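Numbering (full-length UniProt numbering), first residue to last: 1 to 548.
In this text, a Cβ means the ideal position worked out from N, Cα and C, and glycines have one as well.
Since we're looking at a predicted model, the values are computed, not measured.
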């Protein structure tokens, strides 16, 4: 009999997954190909979006930046919807397939809004008089409906793809567990390969051929992403959906609140553990008891009135309580990523507007569009990922003894520190250096964050916790919007031009970058305290005892 996985995963037919015929790197190329093409589609239409809003929708610099920030934020809030459906009901595979369909519809409508006569806004550069030129309400509505359909589609699949790829590695097998850490590096590499093509070729097409082609090619790329994903269907391992994670967490809170006056037992062994055996049988591993957030332990405290009850609204096993604790412990780490996400978000707004003020010529005829400057960030990531995976990790492992070289918290902290210098470079040197520095920060902070949230999440909440990590990007975009609004209001008081006028050569965009540098420095100091406070979850079953 062929060996099967021990983490509860199944094959495409719903049978226990055979280790030698499913998952690992035999399945991951299809997932990485899907992610590469999907990111090409996403960045192909978003990298230059601020210029489309300025040129065709006739928005000012601050309004265009705000529109892009709000849309980007929505793209990173919607993962909560997809993650909930994946963890509770559909599973990750079906959720990805369903939301990719919405994604393609949105991209098709976006292409039509930029190419079909009557739907596309006029080209105001050739219209007369230019001052009265602009899109009709219907044209604007079609554009924004398409944009937010894309937000729903990309948001729905975003938390599921990385988690689905990590599902292909059995945590109970030491060799597969080590390979999973490498998977996240190459997953992020595939994102940036797609972004590289988008920020170079597709931005050039949009600026020199036309917006219809510039948005149509991403739609085709998304169709290729769907094909790549479906081709690997027979090789994938699947985690069964475990019911609503929100219900399980709420049960703990209610049960603990009902026993708010019950004294906790001195010995944690007196708490309810029996129900955990059922959890392990369904593929969920038992979590060891921890001392943090002891108030929640009341949900697992057995009282005389609980002995005959099977209601989880009155009595929860320790694993269920620890699942909620694990999520609560993630929240401060999650919050520390918001400022870093605001820094990263400048590449699609302020860096592009800053690039518009520079001389784009290279040689006699070739020009680099300002939106293509993000290619330097992508090149930095593409260079840093193999260096980190093949050189830095082995070297760090010799000093630290940690299998990953650095702990996930150390890796994220290094990235947050590097992000401070990216904003310093933006304020002092302008444009190219900050892209390279942000690229280095991404490899440490963002990849570490994806790995950390998947690793520390309860088994049945991995999509939800991945989505939670992505919402820090949403709040980063909203924070950036808030800062622009505050800075604009404060700096234009009394009739001044402000920091971010339409003519940036007359403003002080560098002040805005210095503000972000200061916020990033404070955020890093707070993160150091959070990292020292955090306690990793401990998994324990009859077959496995592992501290992650």
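Handout entry: 7 Å Cβ cutoff met for residue 473 and residue 341
Key = As a working mapping, residue 473 is identified with position 473 in the chain shown. As a working mapping, residue 341 is identified with position 341 in the chain shown. A contact, by the Cβ cut-off of 7 Å.
Handout entry: When 246, 25, 285 and 297 are compared against residue 271, the one with the closest alpha-carbon
Key = In the chain shown, the residue the question calls residue 271 occupies position 271. Residue 271 has its Cα closest to that of 297, out of 246, 25, 285 and 297.
Problem - Identity of the residues DSSP links to residue 287 by a beta bridge - result: For the purposes of this step, residue 287 is taken as residue 287 along the chain shown, with counting starting at 1. Partner(s): 539.
Practice task
Mind reading off the beta-carbon distance from residue 256 to residue 204? Whole number of angstroms is fine, and I expect it under 8 Å.
Solution key: In the chain shown, residue 256 corresponds to position 256, counting from 1. In the chain shown, residue 204 corresponds to position 204, counting from 1. The Cβ separation is near 58 Å, so there is no contact.
Exercise for the section: Along the alpha helix (DSSP H) that carries residue 456, what are the first and last residues, could you check? Expected result: Counting from 1 along the chain shown, the entry for residue 456 is found at position 456. 432–456 is the span of the alpha helix (DSSP H), which, as asked, contains residue 456.
Practice task
Check residue 545 in the structure and name its three-state DSSP category.
Solution key: For this step, residue 545 is matched to residue 545 along the chain shown. Low per-residue confidence applies at residue 545: pLDDT is 37, beneath 50, and the placement is therefore not dependable, though the value from the model is reported in the following sentence. Here residue 545 sits in strand by DSSP.
Problem - residue 394 (DSSP reduced to helix, strand or coil) - result: On the chain shown, residue 394 is found 394 positions in, with the first residue counted as 1. Of the three classes helix, strand and coil, the one that applies to residue 394 here is helix, per DSSP.
Handout entry: Reference residue 102; option with closest CA among 222, 122, 45 and 26
Key = Along the chain shown, read from residue 1 onward, the residue named residue 102 stands at position 102. Answer by Cα proximity: 222.
Problem - Beta-carbon separation (whole angstroms), residue 40 vs residue 218, contact threshold 8 Å - result: Counting from 1 along the chain shown, the entry for residue 40 is found at position 40. Counting from 1 along the chain shown, the entry for residue 218 is found at position 218. Correct: roughly 7 Å between the Cβ atoms.
Practice task
Check whether the region 397–406 touches the region 226–236, counting contact only when three or more Cβ pairs, one atom from each stretch, lie closer than 8 Å.
Solution key: no
Practice task
Could you tell me if residue 109 is buried or exposed, where buried requires 16 or more neighbouring beta carbons within 10 angstroms of its beta carbon?
Solution key: Your numbering for residue 109 matches position 109 in the chain shown. Buried, because 16 or more other Cβ atoms sit within 10 Å of the Cβ of residue 109.
Problem - Rounded straight-line distance, which links the Cα of residue 476 to that of residue 65 - result: For the purposes of this step, residue 65 is taken as the residue at position 65 of the chain shown. For the purposes of this step, residue 476 is taken as the residue at position 476 of the chain shown. The straight-line gap from Cα to Cα measures roughly 13 Å.
Problem - Beta-carbon gap between residue 214 and residue 187 smaller than 7 Å - result: As a working note, residue 214 is residue 214 in the chain shown. As a working note, residue 187 is residue 187 in the chain shown. Not a contact, by the Cβ cut-off of 7 Å.
Problem - Same chain, Cβ closer than 7 Å to residue 549, neighbours up to 5 away in sequence not counted - result: Residue 549 lies beyond the stretch modelled for the chain, which goes from 1 to 548, so this question has no answer here.
Handout entry: Check whether residue 3 and residue 9 have beta carbons under 7 Å apart
Key = On the chain shown, residue 3 is found 3 positions in, with the first residue counted as 1. On the chain shown, residue 9 is found 9 positions in, with the first residue counted as 1. Not a contact, by the Cβ cut-off of 7 Å.
Practice task
Can you grab the Cα-Cα spacing for the pair residue 415 / residue 305, in whole Å?
Solution key: Counting from one through the chain shown, the residue named residue 415 turns up at place 415. Counting from one through the chain shown, the residue named residue 305 turns up at place 305. Their backbone Cα atoms lie some 51 Å apart in a straight line.
Practice task
Please report how far the alpha carbon of residue 528 lies from the alpha carbon of residue 413, in whole angstroms.
Solution key: Numbered from 1 along the chain shown, position 528 holds the residue referred to as residue 528. Numbered from 1 along the chain shown, position 413 holds the residue referred to as residue 413. Looking at the two C-alpha atoms, the distance is approximately 7 Å.
Exercise for the section: Can you have a look at residue 292 and say buried or exposed, based on whether 16 or more other CB atoms are within 10 angstroms of its CB? Expected result: The count along the chain shown starts at 1 and reaches residue 292 at position 292. Exposed.
Handout entry: For residue 177, three-class secondary structure by DSSP
Key = Stepping through the chain shown from its first residue, residue 177 is reached at position 177. Helix, per DSSP.
Practice task
With DSSP collapsed to three states, give me the class of residue 262.
Solution key: On the chain shown, residue 262 is found 262 positions in, with the first residue counted as 1. Coil at residue 262, not helix or strand.
Problem - Beta-carbon contacts of residue 458 that lie in its chain and below 6 Å, excluding the five residues immediately before and after - result: Taking the chain shown and counting its residues from 1, one reaches residue 458 at position 458. Counting only Cβ-Cβ distances below 6 Å, and skipping sequence neighbours, we find 323 and 326.
Problem - Assigned secondary structure, residue 16 (DSSP; H/G/I helix, E/B strand, else coil) - result: As a position in the chain shown, residue 16 is number 16, starting the count at 1. Strand at residue 16.
Handout entry: Whole-angstrom distance between residue 420 and residue 520, CA atom to CA atom
Key = Taking the chain shown and counting its residues from 1, the one referred to as residue 520 is at position 520. Taking the chain shown and counting its residues from 1, the one referred to as residue 420 is at position 420. Those two C-alpha atoms are separated by around 5 Å.
Practice task
Rounded to whole angstroms, what's the CA-CA distance from residue 157 to residue 375? Just pull it up for me.
Solution key: Translated into the one-based positions of the chain shown, residue 157 becomes position 157. Translated into the one-based positions of the chain shown, residue 375 becomes position 375. If you take the alpha carbons of residue 157 and residue 375, they lie about 24 Å apart.
Problem - Span of the alpha helix (DSSP H) around residue 207 - result: In the chain shown, counting from the first residue as 1, residue 207 sits at position 207. Residues 203–208.
Problem - Own chain residues within Cβ distance below 6 Å of residue 478, not counting five before or after - result: Translated into positions along the chain shown, residue 478 becomes position 478. Excluding residues within five positions, the ones whose Cβ falls inside 6 Å are 73.
Exercise for the section: With a cut-off of 8 Å on the beta carbons, I'd call residue 92 and residue 463 a contact; round off their distance for me. Expected result: As a working mapping, residue 92 is identified with position 92 in the chain shown. As a working mapping, residue 463 is identified with position 463 in the chain shown. Between residue 463 and residue 92 the Cβ distance is about 6 Å, and since that is below 8 Å, they are a contact.
Exercise for the section: Using the DSSP secondary-structure output, state which residues sit across from residue 4 in a beta bridge. Expected result: Within the chain shown, residue 4 is the residue found at index 4, counting from 1. Per DSSP, 18.
Problem - Any alpha helix (DSSP H) of 4 or more consecutive residues that is wholly inside the region 17–88 - result: 24–46, 49–55, 61–77 and 79–85
Handout entry: Between the CA atoms of residue 385 and residue 441 - distance to the nearest angstrom
Key = Taking the first residue of the chain shown as position 1, residue 441 is located at position 441. Taking the first residue of the chain shown as position 1, residue 385 is located at position 385. Spanning the two alpha carbons is a distance of roughly 11 Å.
Handout entry: Start and end residues, alpha helix (DSSP H) containing residue 293
Key = Here residue 293 refers to the residue found at position 293 when the chain shown is read from its first residue. Per DSSP, residue 293 belongs to no alpha helix (DSSP H) and is neither H nor E.
Handout entry: Whether residue 560 touches residue 470 by CB criterion (7 Å)
Key = A question about residue 560 goes unanswered here, because the residues of the chain that appear run from 1 up to 548.
Handout entry: Check whether residue 258 and residue 134 have beta carbons under 7 Å apart
Key = Position 258 of the chain shown, counted from the start, is the residue given in the question as residue 258. Position 134 of the chain shown, counted from the start, is the residue given in the question as residue 134. In this structure, residue 134 does not lie closer than 7 Å to residue 258 by Cβ.
Problem - Start-end ranges of the alpha helix (DSSP H) lying completely within the region 106–162, minimum 4 residues - result: none
Handout entry: residue 299 beta carbon less than 7 Å from that of residue 226
Key = For the purposes of this step, residue 226 is taken as residue 226 along the chain shown, with counting starting at 1. For the purposes of this step, residue 299 is taken as residue 299 along the chain shown, with counting starting at 1. It is not a contact, given that the beta carbons lie outside the stated cut-off.
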